[in-house]
Every structure is written in structure tokens, then in C-alpha cells.
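Taking it in order: structure first as C-alpha cells, then the write-up.
Number of protein chains: 2
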Amino acid sequence: MAVNLAAPDPSSLHPVPGVELGVATAGVRKLGRTDLLVVRLAPGSAVAGVFTRNRFCAAPVIIARKHLRHPVRALVVNTGNANAGTGSDGLKRAMQVCAALAHHLGCKAREVLPFSTGVIMEPLPADRITAALPRALLERSDWLSAARAIMTTDTVPKAFSRKLRLSTGEATVTGIAKGAGMIRPDMATMLGFVFTDARVPRKRLDAMVRNAADRSFNCITVDGDTSTNDAFVLAATGRGPDASSRRDLAGVEEAVGSVAQSLAQAIVRDAEGATKFVTVRVERGRSPDECRRVAYAIAHSPLVKTAFFASDPNLGRILAAIGYSGASLDADKVDLYLDDMLVAQKGGRAPSYREEQAVAAMRKPEFSVRAVLNRGRAQATVWTCDLSFDYVKINAEYRT
Amino acid sequence: MAVNLAAPDPSSLHPVPGVELGVATAGVRKLGRTDLLVVRLAPGSAVAGVFTRNRFCAAPVIIARKHLRHPVRALVVNTGNANAGTGSDGLKRAMQVCAALAHHLGCKAREVLPFSTGVIMEPLPADRITAALPRALLERSDWLSAARAIMTTDTVPKAFSRKLRLSTGEATVTGIAKGAGMIRPDMATMLGFVFTDARVPRKRLDAMVRNAADRSFNCITVDGDTSTNDAFVLAATGRGPDASSRRDLAGVEEAVGSVAQSLAQAIVRDAEGATKFVTVRVERGRSPDECRRVAYAIAHSPLVKTAFFASDPNLGRILAAIGYSGASLDADKVDLYLDDMLVAQKGGRAPSYREEQAVAAMRKPEFSVRAVLNRGRAQATVWTCDLSFDYVKINAEYRT
Numbered sequence: 001m002a003v004n005l006a007a008p009d010p011s012s013l014h015p016v017p018g019v020e021l022g023v024a025t026a027g028v029r030k031l032g033r034t035d036l037l038v039v040r041l042a043p044g045s046a047v048a049g050v051f052t053r054n055r056f057c058a059a060p061v062i063i064a065r066k067h068l069r070h071p072v073r074a075l076v077v078n079t080g081n082a083n084a085g086t087g088s089d090g091l092k093r094a095m096q097v098c099a100a101l102a103h104h105l106g107c108k109a110r111e112v113l114p115f116s117t118g119v120i121m122e123p124l125p126a127d128r129i130t131a132a133l134p135r136a137l138l139e140r141s142d143w144l145s146a147a148r149a150i151m152t153t154d155t156v157p158k159a160f161s162r163k164l165r166l167s168t169g170e171a172t173v174t175g176i177a178k179g180a181g182m183i184r185p186d187m188a189t190m191l192g193f194v195f196t197d198a199r200v201p202r203k204r205l206d207a208m209v210r211n212a213a214d215r216s217f218n219c220i221t222v223d224g225d226t227s228t229n230d231a232f233v234l235a236a237t238g239r240g241p242d243a244s245s246r247r248d249l250a251g252v253e254e255a256v257g258s259v260a261q262s263l264a265q266a267i268v269r270d271a272e273g274a275t276k277f278v279t280v281r282v283e284r285g286r287s288p289d290e291c292r293r294v295a296y297a298i299a300h301s302p303l304v305k306t307a308f309f310a311s312d313p314n315l316g317r318i319l320a321a322i323g324y325s326g327a328s329l330d331a332d333k334v335d336l337y338l339d340d341m342l343v344a345q346k347g348g349r350a351p352s353y354r355e356e357q358a359v360a361a362m363r364k365p366e367f368s369v370r371a372v373l374n375r376g377r378a379q380a381t382v383w384t385c386d387l388s389f390d391y392v393k394i395n396a397e398y399r400t
Numbered sequence: 001m002a003v004n005l006a007a008p009d010p011s012s013l014h015p016v017p018g019v020e021l022g023v024a025t026a027g028v029r030k031l032g033r034t035d036l037l038v039v040r041l042a043p044g045s046a047v048a049g050v051f052t053r054n055r056f057c058a059a060p061v062i063i064a065r066k067h068l069r070h071p072v073r074a075l076v077v078n079t080g081n082a083n084a085g086t087g088s089d090g091l092k093r094a095m096q097v098c099a100a101l102a103h104h105l106g107c108k109a110r111e112v113l114p115f116s117t118g119v120i121m122e123p124l125p126a127d128r129i130t131a132a133l134p135r136a137l138l139e140r141s142d143w144l145s146a147a148r149a150i151m152t153t154d155t156v157p158k159a160f161s162r163k164l165r166l167s168t169g170e171a172t173v174t175g176i177a178k179g180a181g182m183i184r185p186d187m188a189t190m191l192g193f194v195f196t197d198a199r200v201p202r203k204r205l206d207a208m209v210r211n212a213a214d215r216s217f218n219c220i221t222v223d224g225d226t227s228t229n230d231a232f233v234l235a236a237t238g239r240g241p242d243a244s245s246r247r248d249l250a251g252v253e254e255a256v257g258s259v260a261q262s263l264a265q266a267i268v269r270d271a272e273g274a275t276k277f278v279t280v281r282v283e284r285g286r287s288p289d290e291c292r293r294v295a296y297a298i299a300h301s302p303l304v305k306t307a308f309f310a311s312d313p314n315l316g317r318i319l320a321a322i323g324y325s326g327a328s329l330d331a332d333k334v335d336l337y338l339d340d341m342l343v344a345q346k347g348g349r350a351p352s353y354r355e356e357q358a359v360a361a362m363r364k365p366e367f368s369v370r371a372v373l374n375r376g377r378a379q380a381t382v383w384t385c386d387l388s389f390d391y392v393k394i395n396a397e398y399r400t
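In order, the protein sequence lines correspond to chains Z and D. Taking the working numbering, the leading residue of the first sequence gets 1, the next gets one more, and so forth. Taking the working numbering, the leading residue of the second sequence gets 1, the next gets one more, and so forth.
The following block contains the structure:
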């Protein structure tokens, strides 16, 4: 029941020279489910990443962050178990998986980045994962299979791809992501991986992954819960055209940002129980931070989100959320729009406001809420969804 | 379906000399529903209050805050309409109600405190309220009727009463409150009113109402939404014994705090859709503020709250919430208890942890979550509830 989101057409997902994919069924949590992805990167690939700022970050996050200081030859991703809240034993198990994959590839364990997603605080079945690695390495999987292999409560695989023309030739950017709940990324989403064959200097890649995260995964929220395992990784294999001119680098950055944004929005469209995709835009605030605070207050309010679900233009709930956001704003100056319709003016009901029109706007599967603070020039956008019966159902039954 | 909360026995609610109550049916929103309460206070009563810090505070809050600078002779409370997000017209309508009541009582409009609760952003039907005032003034209502008259989505009227012995005689403290959703008070709850016949100096009353709020209404959350209309008022009529000695004042303060705490907990017990009453206690933090941040992160997490609903000891969700609370804590030091059961130790699963026991603990209608940060001496307690299907249902259907 994702909102305006279907599984991508496999032919739209371009291979990325220098990237090889293999999936397997390891039986991490459920039998017969593809739950393991191995991504091999050509030697010399540049890789950068951003990770959760949750203080309880998972074992694989700790290790991946450390391994990023070295060259990276492979990523290994399992679903079904997050290997989080597992202490030093969790670190050992994640390293066991890295070492096993490194052994097969003839590289060092520190050249492997591990990623896990799934249930928290249960021991990672590392033996089952390592046993499945050879099968994954024999596979030549496509992007759609890779996107499917990393799903948990996702209902739709998430993958986007773009070709772009650089001065040195045609480059490709393709990415996959997973995530549907426990989503309020802070530096990164649940799991997002974007690959390009363009040759990009490693230092530049760091900035690129941060900028991409800031306009994509850092602008979405489902339930305000920042995961312990969030990671967003960008790899440039260098097997395609060289991006060294300022203009080519800007082109790659734009394409990476656009793929990341499509992935981030796909996560919200496929959010647990979501029936609406809502763009919350805050304008004319004093600072971007103030605008983000206000936008997240709206996007996190359970009352606002249930009103979205009910197509109920209970605008007071939105104004109340703006009011408690912590921004020291002047309530009498705030204007509020639903799509292009002015619904509140100077903090009160707009004279032209007609509830029927607001209901009609909110009945659509996609609409926007726009708050104009009228006290500065900054702005921010957050994408979110509604809070439905199914969110409760999915999360009450997740482990049963 | 409130959690361990029944309507109070009327005989347990002691009259407070100097306080007269009258309720009426004004038809603010629904016909035939008692929706108006007038509280008359004896001349010379001292009154203090704390109010919402939401920047979109409602018209009655703006007026009540201002009128508190003067002597107070009466409170007037309506349900069905919050008179919030209504701009200058809302202020006029609230003043119209104050003036009408003042006219009947032969006092000044500024000696009346107005309170409203209900739907936001709709014009207050002040005419219907003023028309009902004479009927309310003719009534001699009891506390239970008064508590009922201020309910909105509450299912149980909330009233508590205590007698206490001062050196100068026996004093009474009785209070009522309402609230079930949009609850994350900041300085005060939705609406809470506590009355005593003890004679307390006005200046002391200010501190008393703040202290009482800090140990009661400021320790609860249902959905993290701070209302536009929150108000907590304490009135001392002085028609009973004099509380001027330090010891008597401490006695009154203790009784006021205890009545306020019972009212605050009753709000959580009767929270929209609540099936569990959960005490979240954070211990050994560096500062009370840090402990409150952690406690509220747990108490607000939709994932934690749905796990409470499902009696699912998904402890990782609690650790994740602690991790993103913003407290700069060391995750490896955190211990977690469910009631008295150690479930996580040093940030990981406790060796003695048995899931069946945790499920049993969470199946109870009341249990506690205790996070021990092991980095200081501060502590904080927050009371909250679970997030159930019915929360979504109630809030999706509130206005329909």
C-alpha cells in the first residue's frame, strides 16, 4: 500500500561498471527469504559514508565507520538482525563476517564494510551468514534483486538510477535503499547505497555524501525514531569517466543527490502504514535550523499525523505543533497553506478558508503543508507520512 | 477503558470552604452535554497559575495570565471549543464571557479567569455561553459534576481530595483536571484546578503552583503534543486555617503536590486509547535535565509505545530511544530494568534476561521502565501510556 510507489522497472536500473552484486538466502531470521547482499567494488574505488548519530549505534556501524579509513573492496549487508545492543560480542560477530568475506575475496577484513538491519538486541547468526557468502559470490544479481535483498518491513524494493554526461564521457549513478519504520535519519537513513562509475577523488566524495544526505535522507521522517543502524554510503568505482573538473564534479554531485532524494522519498512513500505522502515546507524563517525544527514538529506530531490519515483539516493541530516546536516565533505572523490554499493567516483562520476544499486537498495521496513564518529568509523541507491503524498494527506485531 | 482509574466516590471529594461550583449545559459544541463550569471564590482568595508555553497559546490563556495580576473572584471554564488560533476576535469573545460573568457577580471583568478546551480554530460561541451563565450560577454543584463538566475525550472524571492537619486547624485540598490527548504539558497540563481553604500568601502560592506542576503535570506525556490551552491554577480561599508557619506551608504544599500528582497520573491513565500506564524512571544521570530528555525520548517514541501496547519486550527500541535522546551519554554504561528485572546491562542484553518474564511484566496494566545511566546522581520520572489502535481511531475521528 505504498503511496505512489511501484517496484522499479529493472531496465531502468543501469549497471555501474566496477560494481558486482550477489544475493543469497542465509536464513538470518526467516527461512527461504533472500536476506544477504554482497557488493564487490573494483580496486581503487573511493567510498564515503555517513552514519547514525544514535549513541547506541550498532556493531556494524562502529566497524564500518572504522573500516572507511582504509580502501574498501566490498560491502556485506544482512537483514533480519540489526546486530545492535549486542556489545562486544556483536563486534566480534560482525568482524567474523568481514573476515570470512575478505578470505573469499583475498583482501583484508578491514577492506569490508558490514551492514545489518532487522531486530535489535539479538545475537547475529554470523555462522549462517558466512555459510551463505560463497553462494552470494557466485551470483550475478541485478539491482532489483539487491534492493529486494535488503528489505525488512518495506513492501516495495527501492532503487533509482541516472545516466549523466560528463565532459569525459557518460557516467552512471545507481542506488538502493531500505527503510519503512524507525525513520528519522540524522546524517543518514536506515540503509542507502549509491554507486557511480565516475572517478571522484575520495576527499570530494566525503562532501558529496554529506550534501546528498542533507537534501535527502536528512529531510525525511516517519516516526521520529532514529535507528541504531542508519548508514548511507556512496562509492565511486572510477571505472567510468573521470570527474575532476569542477563542472563534472557538480554534475555527479547533482545526480547523486537526486538519486538519494528519490530513495529517501521512496522510504516515506513505503513507510509503515502510510496512506499519504506529505511535503512539509517551512519558509521565511530566521535560520535553516529554525525552519527544520518547525517542520519536524509538524511532521512528528501524532495528532497532526492522525489528522492526515483522516483527511481532517484540523489546522489547529498544525498551528499547535508550530507553537511548541521551540522556535521563538511570533504566532501572530504565521501563515499556513495546504497545497496552494491559504488556510491560516496571521496565526488565525484565513477569511477565505473553506473546510470542504481543505478536506479535498487532504484526501489526495500527496499534498503539501507550507508554513510561512514571515521573519526571515531561510527555509526547509521535510517529507513525511500519516499515522494510520496499520502503523500500530505493523509495529505491535513486528516480532510476533 | 482507563487504566486502573474509576470515577471517584463523591463522598471522597471534600468541599472547600470559600469555593462554590455551578455547572450548566451551554450547547457549545454538542447539545445536551454539560459543558460549562463556573467556580466562585470567596473575596480575598489568593490565586496563582502556570500556563502553556506553546507560542500559539489560546485567547483565554492570554487573558487569564493577565487577569492573574488582579484579585480573582471567579473562574469560567467551557469545553467543546478551545478558542485557540482565533486571533483578536477570540480575545474579544473570551472577554465577552468574562464581562458577562462579572456583571452577574458584581465584580470587574478582570477579576474573572476564562478557560476553554476543545476544538481549535473555530469561533467560540460566546453568546451561548453567556446565556447559560445564570443557570450555572443558580446551581450548587459538587466536585464530581464539576470534573465531569470539563471533560472532552476523557472517559473518567478526574478529581482528588485530601484533608490535612495544620497547627491552626484542619485544611482541605481538592482538585479537578481534564485531559486525555495532546498531552505533553510544559508548565501545566490541559486544565487542572486545585483549591484549598487554607490561607496562603499570594507570593508563596506562586512557588507552590510551580513546584506542584513540576512534580505532576510536567512529568506526564501522552503524545508529546503540548496543547495551546494548558493551564494549572491553584486557589487558596483563606476561609479555612491560616498557613503561615513554615511547617504549615510545607504541609499545604505537600498536599497540593500530591493532589496534582494524582490528577496528572489520572490523565495518563485515561489517555486516548491507553491500555497501559507506564512509569519511566531515569536514574544516575548527570543532570535532571539530561534525565528528563532520556525519559521523554522513551516516553515519546511511537515504536516504544506500540511495543508497550503489544506487551512486546522489544528492548532495542528503548535503547535506541535513549541513544537518540540527545543526551551525550556513554551507551556502554547504560543498564535497563523492566520493573525490578535487569534486562540490559552495559548497553547490551543482560545474561540473566529471559524474554518470557519480560512479556509477563509488560502484560500487566502498570509497569515501570528504569534506565540507569551510571554517570551522575540526578534522576527524573515521567508517566506515560502505550500507543494503541484506539489512539489513532479517537484522533482520526475526533471532529467527525
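Note that CB positions come from ideal geometry on N, CA and C, so glycine has one too.
Task: Residue from D/E272, D/N218, D/I120 and D/D330 whose Cα sits closest to the Cα of Z/A320 - done: Closest option to Z/A320, Cα to Cα, is D/I120.
Open item on the list: For a test of your reading of the model: does the CB of Z/G90 fall under 7 Å from any non-hydrogen atom of the ligand COA? Yes or no.
Closed with: For the structure depicted, the ligand COA is absent and the ligand set is empty, with no information on it obtainable.
TODO: Take the Cβ of D/T189 as the centre, count every other Cβ of all protein chains shown within 10 Å, and call the residue buried at 16 or more, exposed below.
DONE: The predicted position of D/T189 is uncertain, since its pLDDT is 42 and thus under 50; no value can be drawn from it.
Open item on the list: Measuring only the C-alpha atoms, how far is Z/V19 from Z/F195?
Closed with: Z/F195 has its alpha-carbon roughly 8 Å from the corresponding atom of Z/V19.
Task: Z/S116 vs Z/L21 beta-carbon contact at 8 Å - done: Result no, Cβ atoms of Z/S116 and Z/L21 do not sit closer than 8 Å.
TODO: With 8 Å as the threshold, decide whether the Cβ of D/N439 is near any Cβ in chain Z.
DONE: The structure shown does not extend to residue 439 of chain D, since chain D spans only 1 to 400, so no value can be given for it.
Task: Neighbouring residues, chain Z, relative to D/R375 (Cβ below 9 Å) - done: Counting only Cβ-Cβ distances below 9 Å, D/R375 has no contacts in chain Z at all, with the closest Cβ about 12 Å away.
- [ ] Select from the region 50–75 of chain Z all residues with a C-beta closer than 9 Å to any C-beta belonging to chain D, and list them in chain order.
- [x] Cβ contacts with chain D: T52, R53, N54, R55, F56 and C57.
- [ ] Tell me whether the beta-carbon of Z/A132 lies closer than 8 Å to the beta-carbon of Z/L31.
- [x] In this structure, Z/L31 does not lie closer than 8 Å to Z/A132 by Cβ.
Task: Z/G285, buried or exposed, once every other Cβ within 10 Å from all chains shown has been counted against 16 - done: Buried, by the Cβ-count rule.
Task: First and last residue of the uninterrupted alpha helix (DSSP H) at D/F309 - done: Residue range P302 to F309 is occupied by the alpha helix (DSSP H) that includes D/F309.
Open item on the list: Give me, in chain order, the residues of the same chain whose beta-carbon lies closer than 6 Å to that of Z/Q265; leave out the 5 immediate sequence neighbours on both sides.
Closed with: If you ignore the 5 residues before and after Z/Q265, its C-beta comes within less than 6 Å of the C-beta of W383, all in its own chain and listed in chain order.
Open item on the list: Please report the distance separating the alpha-carbon of D/E253 from that of D/E272.
Closed with: Taking the straight line joining both Cα atoms gives about 30 Å.
Task: Beta-carbon proximity check, Z/A331 vs D/F56, cutoff 8 Å - done: Taking 8 Å as the Cβ cut-off, Z/A331 and D/F56 qualify as a contacting pair.
Task: 8 Å Cβ cutoff, Z/N395 in contact with chain D - done: Taking 8 Å as the CB threshold, Z/N395 lines the interface with chain D.
Open item on the list: Considering only the alpha carbon of each residue, which of Z/A380, Z/A361, Z/G348 and Z/Q357 lies closest to D/T86?
Closed with: Shortest Cα-Cα distance from D/T86 to any of Z/A380, Z/A361, Z/G348 and Z/Q357 involves Z/G348.
- [ ] To the nearest angstrom, report how far apart Z/A236 and Z/R199 are at their CA atoms.
- [x] A direct Cα-Cα distance of roughly 6 Å separates Z/A236 from Z/R199.
Task: Sub-8 Å separation of Z/F309 and D/A396 beta-carbons - done: Judged by their CB atoms, Z/F309 and D/A396 are nearer to each other than the 8 Å cut-off.
Task: Minimum Cβ-Cβ distance from D/R349 to chain Z less than 8 Å - done: Yes - at least one Cβ of chain Z is within 8 Å of the one on D/R349.
- [ ] Check distances from the C-beta atoms of the region 310–322 of chain D to those of chain Z and list, in chain order, the residues that come in under 8 Å.
- [x] Flagged, chain order: A310, D312, N314, L315, G316, R317, L319, A320, A321 and I322.
Task: Chain-ordered chain Z contacts of D/S388 [CB-CB under 7 Å] - done: Residues of chain Z passing the Cβ test: V392.
Open item on the list: Could you compute how far the alpha carbon of Z/P185 sits from the alpha carbon of Z/S216?
Closed with: Unreliable positioning characterises Z/P185 in this predicted model, as indicated by a pLDDT of 49, which lies under 50. The coordinate reading is nonetheless provided below. Taken atom to atom, the span from the alpha-carbon of Z/P185 to that of Z/S216 is near 10 Å.
Task: Identity of the residues DSSP links to Z/A378 by a beta bridge - done: DSSP, once it has assigned bridges, lists Z/G285 as partnering Z/A378.
Open item on the list: Quick check on this structure: which residue in Z/T221, Z/G49, Z/G376 and Z/P157 has the alpha carbon closest to the alpha carbon of Z/P302?
Closed with: Checking every option, the nearest Cα to that of Z/P302 belongs to Z/T221.
Open item on the list: Let's test the definition: count the other Cβ atoms within 10 Å of the Cβ of D/R247 and tell me whether it reaches 16, buried, or not, exposed.
Closed with: Exposed, because fewer than 16 other Cβ atoms sit within 10 Å of the Cβ of D/R247.
Open item on the list: Which same chain residues end up closer than 6 Å to Z/T155 when comparing Cβ atoms and leaving out the 5 residues on each side of it in sequence?
Closed with: For Z/T155, where only same-chain residues beyond five positions count, the Cβ hits under 6 Å are A2 and D270.
Task: Separation of D/G106 from D/D339, as counted between CA atoms - done: D/D339 and D/G106: Cα-Cα distance of roughly 55 Å.
- [ ] Report the three-state DSSP secondary structure of D/F217 (helix, strand or coil).
- [x] D/F217: helix per DSSP, three-state reduction.
Open item on the list: Measuring only the C-alpha atoms, how far is D/M187 from Z/A255?
Closed with: With a pLDDT of 33 at D/M187, under the threshold of 50, the modelled position of that residue is not reliable, and the figure given next carries that caveat. Here the alpha carbon of D/M187 sits roughly 48 Å from the alpha carbon of Z/A255.
Task: D/G90 versus D/K333 - alpha carbon distance - done: Distance between the alpha carbons of D/G90 and D/K333 is about 52 Å.
TODO: Give every residue of the same chain whose Cβ lies closer than 6 Å to the Cβ of Z/I63, excluding the five residues on either side of it in the sequence, and list them in chain order.
DONE: Short of 6 Å from the beta carbon of Z/I63, and not among the five residues preceding or following it, lie these beta carbons of its own chain, in chain order: A94 and P114.
Task: Runs of beta strand (DSSP E) lying entirely within the region 125–189 of chain D, each at least 3 residues, in chain order - done: If you keep only unbroken beta strand (DSSP E) runs of at least 3 residues inside the region 125–189 of chain D, you get 158–166 and 169–178.
TODO: Please say whether Z/T130 and Z/V77 have beta carbons closer to each other than 8 Å?
DONE: For Z/V77 and Z/T130, no; Cβs fall outside 8 Å.
Task: Per-residue contacts from Z/D223 into chain D (C-beta, under 7 Å) - done: Neighbourhood of Z/D223 in chain D, by CB distance below 7 Å: P302 and L303, in chain order.
Task: Residue interval of the alpha helix (DSSP H) (run including D/M341) - done: Segment M341 to Q345 is the beta strand (DSSP E) holding D/M341; no alpha helix (DSSP H) there.
Open item on the list: Under 8 Å, Cβ to Cβ, is there at least one residue of chain D near Z/A264?
Closed with: No, Z/A264 lies away from the interface with chain D (no Cβ there is under 8 Å from its Cβ).
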